[in-house]
Each structure stands twice: as C-alpha cells, then as structure tokens.
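Engineer:
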Amino acid sequence: MSWLPILIKGCYFLAALLFILGLKRMSSPRTARGGIVWAGYGMLLAVLATFFLPDMHNRGLIIAAVLVGVGAAWWSGRRVAMTSMPQMVALYNGMGGGAAAAIGAVELIGYARHLDPALASTAALLSPVELSLGVLGALIGAVSFSGSLIAFAKLQGWLDKRFVFPAQRVVNMLLLAAAVLIGVLLVSGHASLPLIAAFFALALLFGLMMTLPIGGADMPVVISLYNAFTGLAVAFEGFVLGNEAMIIAGTVVGAAGTLLTQLMAKAMNRSIGNVLFGSFGASGGEAQAIAGAQKPIDASDAAVMMAYAERVVIVPGYGLAVAQAQHKVWEFAKLLGERGVKVKFAIHPVAGRMPGHMNVLLAEAGVPYDLIADMDDINPEFPNVDVALVIGANDVVNPLAKTDPASPIYGMPILDVMNAKHVIVIKRGKGTGFAGIENALFYADNTRMLYGDGQAAVGELVTALKSVDS
Amino acid sequence: MIDGFLALYIFMLAAFTGYEIIARVPVILHTPLMSGSNFVHGIVLVGAMIALGQAQTPFEMAIGFVGVLLGAGNAAGGYVVTERMLEMFKSSKPQAGKGSK
C-alpha cells in the first residue's frame with residue numbers, strides 16, 4: 051500500500067502552501083493575525099505527518115524532545131515582556147540554526163560511519179551534491195546559532211562591552227577559511243569524527259567572533275540577517291533529507307529575510323557590509339563640540355506649555371518602552387486631546403530595537419494607528435508643531451546626523467524635531483544615548499529638558515495637566 | 005530523493021515568492037514579520053525529527069535529540085511571540101488601521 055507516503059507528502063504540500071499564504075497575510079495589518087494562525091496549522095500538520103513516516107525510529111525520544119522544547123519555548127514566549135521581543139526572536143532563531151546544524155551533524159556522522167570499512171553498512175551513501183549542501187547548511191546553521199545567542203545576550207544586557215582587538219577581521223576570515231577548508235575535506239571523502247568536530251567548533255567560533263564586535267544598535271540588522279541564514283540552512287538540510295516543505299519554507303524565509311535585512315539597514319542608513327565589518331562608533335575625526343548648556347524644565351511648566359498648544363507631537367523612543375510608560379503616555383495624549391490639542395505620535399523607522407518594534411509597543415497601550423505618523427509624513431509638519439515631546443528617544447532626533455560628518459550617525463535619516471517651535475525632552479540623566487553619541491538637540495535654544503524616569507515623569511505630566519484650568 | 009534540477013527550480017521559485025511577499029510590507033509590520041518568518045523556518049523541527057528517527061548510534065541520537073529540542077523551541081517560541089505581537093494590532097479600532105505606508 052502506498053497511500054501513506056502520498057498522504058504524508060500531501061500534508062507537507064499543504065503545510066508549504068499554508069506557510070506562504072500565512073506570510074502573505076502577515077504583510078498587511080488587517081489580516082496579519084490570521085496569517086500566523088494559518089502558518090501555525092501548517093506547522094502542526096507537517097509535524098504530525100512526520101510521525102507517520104516509514105523507517106522512523108526513536109519515536110519515544112522524539113516525542114520527549116518535542117514536548118520539552120515546545121513546553122519551554124511556549125512558557126518563555128508567553129511571559130516575556132514586549133520590550134524583550136527582539137532578543138526572543140534572536141533566541142528562537144538561534145535555536146532553529148542549531149537544529150539545522152544538528153541535522154547536518156547527524157547526517158555527517160552517519161556518513162562517516164559508512165565510510166569506515168570496519169563498520170561498513172549497506173545503507174545508501176549521500177550523493178556529492180547532497181553532502182555538499184548538507185555541509186554548507188550545517189556551516190550556516192552553526193554560525194546562525196552561536197551568532198544569534200550572542201545577539202540575544204547583547205540585547206538582554208548580559209554582554210555590554212564590544213569585543214574588539216587588532217586584526218580581528220583577519221582572524222575572523224581565517225576562522226571562516228579554516229571551516230570551509232575542513233568542509234571541503236569532509237565532502238571529498240575524508241569524513242571522520244575528529245574532523246567533523248573541528249568543523250563545527252570552527253563554525254560556532256566564527257559565528258561568535260563575527261557577532262561580538264557588533265554594537266547593540268546594529269543588532270536588529272544582525273538578527274534579521276541570521277534569520278535569513280537559518281532559513282537558508284533549513285532549505286539546504288531539507289534538500290539532504292529530501293523534504294520539500296523544508297526546502298520551500300526555508301528558501302522563502304531566506305529570501306524574505308534577506309530583503310527585510312536590506313530594508314532595515316536602509317532605514318538606519320547603513321549597508322549590511324558596514325554593519326558586519328565596520329565598527330560602529332569607531333569613525334575617525336573629532337566630533338563637533340557642542341556649545342551651550344542643557345536647560346531644565348519642571349513637569350508643571352511643561353504641562354502648561356502643552357495644554358495651551360495647538361499641535362503636539364510625541365516622539366517615543368526605546369527609553370519609553372524600557373520605563374513601561376506607553377500606557378501613561380497614551381493617557382496623557384488622551385487628556386491633551388480632550389482639551390482640543392491635536393496630538394500625534396511620530397515614529398522613526400528604527401525606534402525601539404527593531405523597525406516596527408515601537409508600533410507594537412504603542413499598539414499594546416491601545417494607541418490607534420491613525421495617530422501614529424511615519425518619519426516621512428511628519429517631518430515636513432514639524433515647523434507647524436508647537437511642542438514636540440521627546441520621550442526616551444535620542445539618536446533618532448539628533449541633528450548631528452545632518453550637520454556633523456564626523457559623527458558616526460552622520461547621514462542617518464532623523465525626525466526633524468528641532469524644527470518644532472518648542473521641544474521638551476524627557477530623559478533619565480545627562481548621559482549619551484544607546485550608541486554613545488552626544489546629542490545637539492539637548493543643547494538647542496528651543497529645547498527644555500525634563501529629567502526623570504520616563505514612567506514617573508509622564509505621571510507627573512498627567513497630574514500637572516489635570517490641575518491646569520481649562 | 006529529489007532530482008537536482010527540480011530542487012533548483014523549487015529553490016528559485018520559492019526565493020521569488022519570499023521576496024515578493026515582503027516587498028510591499030509596511031514598516032509597522034517589520035518586527036512581527038521577522039518573527040513570523042522566524043516561526044516558519046521552525047519547519048526545521050520536521051527535519052530534526054527525521055534525523056533523530058534515522059539516528060542509529062547513541063551519539064547520533066543525542067545530537068538528534070538536541071536538534072529536535074532546538075527545532076521545537078524555534079517553532080513554538082516563534083509562534084507564541086508572533087501571535088502575541090499580532091494580537092495587539094487587532095485591538096486597535098477597526099478600519100482605523102490602514103497603517104503607515
């Protein structure tokens with residue numbers, strides 16, 4: 051009877067279809083939620099079908115591993131805060147890369163076993179093409195694994211320092227070259243356990259060394275790139291295993307992830323090569339000295355200023371999310387709205403830790419889409435804005451990006467907040483931002499600084515606003 | 005077993021599909037979409053299950069086990085995280101959400 055294999059293949063086909071349709075739906079806000087559910091059904095179908103493949107051993111082990119893996123990830127995914135989403139994506143992505151590498155390892159070890167004349171078995175050997183793709187997939191998967199874990203650790207704040215030493219690039223290239231060389235040896239019939247171990251050790255080390263020198267601000271691009279890497283690795287291993295669902299899903303993600311990476315890099319005005327090989331903040335030349343001083347303001351004055359303004363634009367940054375102040379800010383915006391003030395939110399493409407991250411965080415607080423403006427839409431309006439309220443944003447409103455060629459962020463598109471009539475900046479202290487760059491906006495004549503923790507400061511604003519006579 | 009050129013055709017068409025899907029996506033959805041595509045490559049779980057299913061020595065089984073564990077984490081974690089993010093977009097008032105362009 052051959053209906054079972056056909057049924058299983060049919061399930062894989064359906065799964066691939068559901069993945070593509072699901073991703074398609076996810077690319078529009080209105081259908082997005084249905085999209086992930088569709089893709090979820092596809093995954094469920096593919097996993098269930100796999101249990102019924104012929105020649106499957108170790109079913110107990112498989113079930114145990116699936117249950118533990120799903121349980122742990124489900125639990126951690128449920129309880130993690132929205133602000134930590136980027137590093138969770140990095141973590142889960144790294145796991146996928148690790149799984150792809152593990153598949154490659156199992157296949158390679160099995161292959162090496164068959165090469166050994168003492169243990170020679172009758173099982174079919176992998177073809178040279180399959181072997182090459184398997185090795186390549188394992189290499190990419192392993193790099194994605196260790197690289198993603200570093201990205202996770204950096205965003206989680208476990209690895210604060212950038213790790214830089216002289217000739218780093220040369221060392222990294224040598225590591226990669228050595229891994230590739232061993233990979234070629236593996237493919238050309240020299241597969242043995244020590245060689246396989248060396249191969250994976252080098253690949254993992256390369257992923258580690260590759261990611262360590264990259265600064266936290268660039269991590270989203272890196273995560274997106276590793277996401278594409280994992281997709282590619284999955285596609286290659288899918289070829290080795292003869293699994294079409296893996297080839298299609300992996301390739302779709304590989305291509306989509308590559309494009310997404312480019313879009314993100316463009317939003318940050320950096321090329322992917324620059325992110326990977328240039329060291330952020332290490333640009334030559336003396337930074338422009340900034341004249342003037344930061345001028346403080348207290349919450350009640352700030353509240354009065356905005357209460358009698360006609361148009362207020364709120365510029366939220368990652369600091370707002372860290373302080374968990376989204377709900378307070380929305381409350382404040384609603385209060386202003388009740389007084390007849392026109393309030394909008396302006397979001398920089400890379401506000402938050404990833405493009406779109408801030409939109410997610412504002413959506414969490416219940417801010418409707420139509421009050422949220424893109425950079426390109428809001429920038430021409432700033433001269434007509436009475437008060438721009440900057441909360442926890444720094445580099446994305448730094449005018450030095452336009453005026454100081456020596457600045458590391460020179461050329462990055464910014465929100466033209468300094469064109470507003472008045473600017474109020476809520477900031478924890480006088481330090482520099484995430485990327486460690488001084489901000490000229492804070493010293494501008496029309497800028498007032500409201501020092502304090504985002505949550506507390508906005509709370510004071512709300513209280514102060516309520517006591518303003520209408 | 006898949007014929008080499010057939011695989012190449014699948015590869016090419018799937019790559020174009022992935023590119024086209026993302027090409028017109030608004031910035032607002034970049035993070036959920038990255039997370040969603042992260043979930044989709046969780047299909048690696050299927051491959052890891054097959055690898056563990058075919059593993060013969062204890063060493064291979066151990067690596068396969070880790071592979072399934074990681075793959076399951078990728079799939080489940082990717083789903084939960086994406087779903088949580090997209091759920092919030094639903095709560096905005098209907099039709100207000102033509103989104104940013």
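First to last, the protein sequences are chains A and B. Terminal number for the first sequence in this note's numbering: 520, no gaps in between. Terminal number for the second sequence in this note's numbering: 105, no gaps in between. Yeah, the Cβ is synthetic: ideal placement off N, Cα and C, and Gly gets one too.
(1) Closer than 8 Å between beta carbons: that is the criterion. Which residues of the region 389–415 of chain A meet it against chain B?
(2) Are at least three pairs of beta-carbons, each pair with one atom in the region 30–37 of chain B and one in the region 297–305 of chain A, less than 8 Å apart?
(3) With 8 Å set as the bound, which would you pick, yes or no: does the beta-carbon of B/Tyr23 sit closer than that to a beta-carbon of chain A?
(4) Quick one: using the 10 Å Cβ neighbour count with 16 as the cut-off for buried, is A/Lys516 buried or exposed?
(5) Taking only beta carbons into account, state which residues of the region 52–75 of chain B come closer than 9 Å to chain A, listed in chain order.
(6) Closest by CA to A/Ala373, which one among A/Leu258, A/Gly504, A/Val417, A/Met269?
(7) Tell me which same chain residues have a C-beta within less than 7 Å of the C-beta of B/Lys105, skipping the five on either side of it?
(8) Tell me whether A/Glu336 is buried or exposed, calling it buried when 16 or more other Cβ atoms sit within 10 Å of its Cβ.
(9) Hey, does A/Lys516 have any beta-carbon neighbour from chain B nearer than 8 Å?
(10) Where does A/Lys345 land, buried or exposed, given buried means 16+ other C-beta within 10 angstroms?
(11) For A/Lys345, would you say it is in contact with chain B, using Cβ-to-Cβ distances shorter than 8 Å as the test?
(12) Under a Cβ-count criterion, where at least 16 other Cβ atoms within 10 Å of its own Cβ denotes burial, should A/Pro366 be classed as buried or exposed?
(13) Report the residue from A/Asp268, A/Phe69, A/Met145 whose alpha carbon sits nearest the alpha carbon of A/Leu205.
(14) Of all the options B/Ile54, B/Pro62, B/Ser41, which has the alpha carbon lying nearest to the alpha carbon of A/Leu69?
(15) Measure the alpha-carbon distance for B/Leu90 versus A/Arg83 and round it to whole angstroms.
(16) Give a yes or no on whether 8 Å exceeds the smallest Cβ distance from A/Leu73 to chain B.
(17) Taking the continuous alpha helix (DSSP H) assigned at A/Arg128, which residues delimit it?
(18) Closer than 6 Å by C-beta to A/Ala423: which residues in its own chain qualify, once you throw out the five before and the five after it? Chain order, please.
(19) Do we get a CB-CB distance below 8 Å when we pair A/Glu431 with the residues of chain B?
(20) For the alpha helix (DSSP H) containing A/Met296, list its first residue and its last residue.
(21) With respect to the alpha helix (DSSP H) encompassing B/His34, which residues constitute its N-terminal and C-terminal limits?
(22) For a quick check, are the C-beta atoms of A/Ala295 and A/Ala96 less than 8 Å apart?
(23) Is A/Val522 helix, strand or coil when you go by DSSP?
(24) Please confirm whether A/Tyr493 has its beta-carbon closer than 8 Å to some beta-carbon of chain B.
(25) For a contact meaning CB atoms closer than 9 Å, what does A/Phe249 contact in chain B?
(26) Applying the criterion that 16 or more other CB atoms from any shown protein chain within 10 Å of the CB defines a buried residue, is A/His240 buried or exposed?
(27) Report the rounded CA-to-CA distance for A/Tyr419 versus A/Val290, giving the unit in angstroms.
(28) Kindly indicate which three-state DSSP category A/Glu336 falls into: helix, strand or coil?
(29) Under 8 Å, do B/Gly82 and A/Tyr142 count as touching if we go by C-beta distance?
(30) Using a Cβ-Cβ distance cut-off of 8 Å, determine whether B/Tyr83 contacts chain A.
(31) So is B/Phe15 in contact with chain A if we call contact Cβ pairs under 8 Å?
(32) Work out the CA separation of B/Leu12 and A/Val179 for me, nearest whole Å.
(33) Does any C-beta atom of chain B lie closer than 8 Å to the C-beta of A/Ala383?
(34) For A/Lys477, which beta-bridge partners are listed by DSSP?
(35) Does the distance from the CB of A/Ile298 to the CB of A/Thr311 come in under 8 Å?
(36) Where are the beta strand (DSSP E) runs, 3 residues long or more, that stay fully inside the region 423–462 of chain A, in chain order?
Structural biologist: By the coordinates alone:
(1) The region 389–415 of chain A vs chain B, Cβ under 8 Å: Ile397, Pro399, Gly402, Met404, Pro405, Gly406, His407, Asn409, Val410, Ala413, Glu414.
(2) Not touching, per the Cβ criterion.
(3) Within the second sequence, numbered from 1, the residue matching residue 23 of chain B stands at position 19. Interface flag for B/Tyr23 against chain A is set, since a Cβ pair is found closer than 8 Å.
(4) Sequence index remark: in the first sequence, residue 516 of chain A carries index 466 (1-based). When all chains shown are included, A/Lys516 counts as exposed.
(5) From the region 52–75 of chain B, only Ala52, Met53, Ile54, Ala55, Leu56, Gly57, Gln58, Ala59, Gln60, Thr61, Phe63, Glu64, Met65, Ile67, Gly68, Phe69, Val70, Gly71, Val72, Leu73, Leu74, Gly75 have a Cβ closer than 9 Å to chain A.
(6) One-based indexing of the first sequence puts residue 373 of chain A at position 323. It is A/Gly504.
(7) Sequence index remark: in the second sequence, residue 105 of chain B carries index 101 (1-based). Because B/Lys105 carries a pLDDT of 33, less than 50, the predicted location of this residue cannot be relied on, and the following value inherits that uncertainty. Excluding positions up to five away in sequence, the list reads Pro30.
(8) Here residue 336 of chain A refers to the residue found at position 286 when the first sequence is read from its first residue. Summary for A/Glu336: the model assigns pLDDT 49, below 50, so the residue's position carries little reliability, and this model does not support an answer.
(9) Taking the first sequence and counting its residues from 1, one reaches residue 516 of chain A at position 466. Closer than 8 Å: no.
(10) Indexing the first sequence from 1 puts residue 345 of chain A at position 295. With fewer than 16 Cβ atoms within 10 Å of its Cβ, A/Lys345 is classed as exposed.
(11) As a working note, residue 345 of chain A is residue 295 in the first sequence. It does not: the Cβ of A/Lys345 has no partner Cβ on chain B nearer than 8 Å.
(12) Taking the first residue of the first sequence as 1, we reach residue 366 of chain A at position 316. The residue is buried, with at least 16 neighbouring Cβ atoms inside 10 Å.
(13) Walking along the first sequence from the start, residue 205 of chain A turns up at place 155. For the residues A/Asp268, A/Phe69, A/Met145, the minimum Cα distance to A/Leu205 belongs to A/Asp268.
(14) Mapped onto the first sequence, residue 69 of chain A falls at position 19. Sequence check: residue 69 of chain A is Phe here, not Leu. It is B/Ser41.
(15) The residue given as residue 90 of chain B occupies position 86 in the second sequence. The residue given as residue 83 of chain A occupies position 33 in the first sequence. About 5 Å.
(16) Along the first sequence, one-based indexing puts residue 73 of chain A at 23. Chain B has a Cβ within less than 8 Å of the Cβ of A/Leu73.
(17) Mapped onto the first sequence, residue 128 of chain A falls at position 78. Taken as a continuous stretch (DSSP letters only), the alpha helix (DSSP H) holding A/Arg128 covers 109–129.
(18) The count along the first sequence starts at 1 and reaches residue 423 of chain A at position 373. Result list for A/Ala423: Lys394, Ala396, in chain order.
(19) Taking the first residue of the first sequence as position 1, residue 431 of chain A is located at position 381. Not one chain B Cβ lies under 8 Å of A/Glu431.
(20) Working through the first sequence from its first residue, we reach residue 296 of chain A at position 246. Start and end: 294–317.
(21) For the purposes of this step, residue 34 of chain B is identified with residue 30 of the second sequence, where counting begins at 1. Element bounds for B/His34: 34–44.
(22) Translated into the one-based positions of the first sequence, residue 295 of chain A becomes position 245. Translated into the one-based positions of the first sequence, residue 96 of chain A becomes position 46. Remark: C-beta atoms of A/Ala295 and A/Ala96 approach each other more closely than 8 Å.
(23) Nothing in the structure corresponds to residue 522 of chain A, since chain A is present only between 51 and 520.
(24) Here residue 493 of chain A refers to the residue found at position 443 of the first sequence. No, A/Tyr493 lies away from the interface with chain B (no Cβ there is under 8 Å from its Cβ).
(25) The residue given as residue 249 of chain A occupies position 199 in the first sequence. Near A/Phe249 there are no residues of chain B at all, since even the closest Cβ is about 13 Å away, more than 9 Å.
(26) Position 190 of the first sequence holds residue 240 of chain A. Classification for A/His240: exposed.
(27) As a working note, residue 419 of chain A is residue 369 in the first sequence. As a working note, residue 290 of chain A is residue 240 in the first sequence. Rounded to whole angstroms, A/Tyr419 to A/Val290 spans 45 Å at the Cα level.
(28) The residue given as residue 336 of chain A occupies position 286 in the first sequence. Unreliable positioning characterises A/Glu336 in this predicted model, as indicated by a pLDDT of 49, which lies under 50. The coordinate reading is nonetheless provided below. Here A/Glu336 carries a coil assignment [DSSP, helix/strand/coil].
(29) Residue numbering aside, residue 82 of chain B sits at position 78 when the second sequence is read from its first letter. Residue numbering aside, residue 142 of chain A sits at position 92 when the first sequence is read from its first letter. Yes, Cβ-Cβ distance for B/Gly82 and A/Tyr142 is below 8 Å.
(30) The residue you call residue 83 of chain B lines up with position 79 of the second sequence. Chain A, which has a Cβ nearer than 8 Å to the Cβ of B/Tyr83, makes this yes.
(31) For the purposes of this step, residue 15 of chain B is identified with residue 11 of the second sequence, where counting begins at 1. Yes, B/Phe15 counts as interfacial toward chain A.
(32) Translated into the one-based positions of the first sequence, residue 179 of chain A becomes position 129. Translated into the one-based positions of the second sequence, residue 12 of chain B becomes position 8. Using only the alpha carbons, I get a separation of about 12 Å.
(33) Counting from 1 along the first sequence, the entry for residue 383 of chain A is found at position 333. Not a single C-beta of chain B is nearer than 8 Å to the C-beta of A/Ala383.
(34) Taking the first sequence and counting its residues from 1, the one referred to as residue 477 of chain A is at position 427. Residue pairing from DSSP places A/Lys477 in a beta bridge opposite A/Tyr501.
(35) The residue given as residue 298 of chain A occupies position 248 in the first sequence. The residue given as residue 311 of chain A occupies position 261 in the first sequence. In this structure, A/Thr311 does not lie closer than 8 Å to A/Ile298 by Cβ.
(36) Taking only runs of at least 3 residues, the beta strand (DSSP E) segments lying wholly in the region 423–462 of chain A are 437–441.
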